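Reading through the structure tokens given below for one structure.
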Amino acid sequence: MITVPKVDPQVWIGCLACYNSGRLVGDWFAADTADLVTPADLHKRETSHEELWVMDHDGFCGALKGECSPSEAAEIAEILSELHDHESGAFACWVEVFGEQSDRSHWVDKFRDAYRGFHDDEAAYAREWVEMTSSEEDKERMTRWPFNEIDWTRAAEELFSGGLHAEEVLGGIHVFWTD
Ligand SMILES: [Zn+2]
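Once you know that position 140 of the sequence shown is 140 in the numbering used here, the rest is easy, because the numbers rise by one and skip nothing.
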């Protein structure tokens with residue numbers, strides 16, 4: 001059983017001034033309200049330290065790499081709030097490969113447009129695709145020779161050389177349509 005990671009962006013926000021003087025002052029917060037965290041929140045008292053920074057993060061489904069400002073983390077968390085938990089694995093694959101090609105405010109829409117589901121392998125996708133797009137009559141024909149002898153691996157090579165992209169993960173592939 002593959003466990004699907006939850007879409008639950010969390011950030012570890014730290015104080016930069018403290019960090020630069022060798023002390024780690026910070027805590028984990030829900031990323032969608034990361035921009036509302038104040039230096040006083042982190043230090044548990046009033047402070048002259050001003051700049052906060054996201055030094056670690058979790059649950060972003062690959063949509064955040066490295067460090068960033070709390071407001072940037074909140075912006076990405078807002079975008080991810082449209083994403084459902086069951087989409088997290090496929091979205092992480094998509095954003096890794098195609099994320100840089102579009103403005104992140106469109107990430108979830110672009111991902112959903114492109115996604116063609118999870119399949120055992122390319123040949124299985126080719127077969128399912130043909131069955132899905134065929135009439136009842138054609139389907140019936142496909143159970144008879146020579147259609148039941150179709151080399152689905154070869155058919156898949158054709159299919160995946162023209163616009164389809166497969167990302168291999170544990171147990172199968174995520175298939176995406178590319179423009
Ligand atoms: Zn500080």
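Where is the CB? At the ideal position from N, CA and C, for every residue including glycine. Values in this document were obtained by computation on a predicted structure and should not be read as measured data.
{"Item": "Own chain partners of R127 with C-beta closer than 7 Å, once the 5 adjacent residues on each side are dropped", "Value": "W152"}
{"Item": "Ligand 1 site residues, beta-carbon cut 7 Å against heavy atoms", "Value": "C15, A17, C18, V25, P39, L42, H43, T47, H49"}
{"Item": "Short Cβ contact (7 Å threshold) for A34 with P5", "Value": "no"}
{"Item": "Spatial distance of V37 from Y19 (CA atoms)", "Value": "17 Å"}
{"Item": "Any non-hydrogen atom of ligand 2 closer than 6 Å to S81 Cβ", "Value": "With respect to small molecules bound, the structure shown includes ligand 1 and not ligand 2."}
{"Item": "Residue span of the beta strand (DSSP E) that contains A30, given as start and end", "Value": "26-30"}
{"Item": "With 16 other Cβ atoms within 10 Å as the buried cut-off, status of E136", "Value": "exposed"}
{"Item": "Exposure of M1, with buried meaning 16 or more beta-carbon neighbours within 10 Å", "Value": "For M1, the pLDDT reaches just 49, beneath the cut-off of 50, and the residue's location in the model is therefore unreliable, leaving the point undetermined."}
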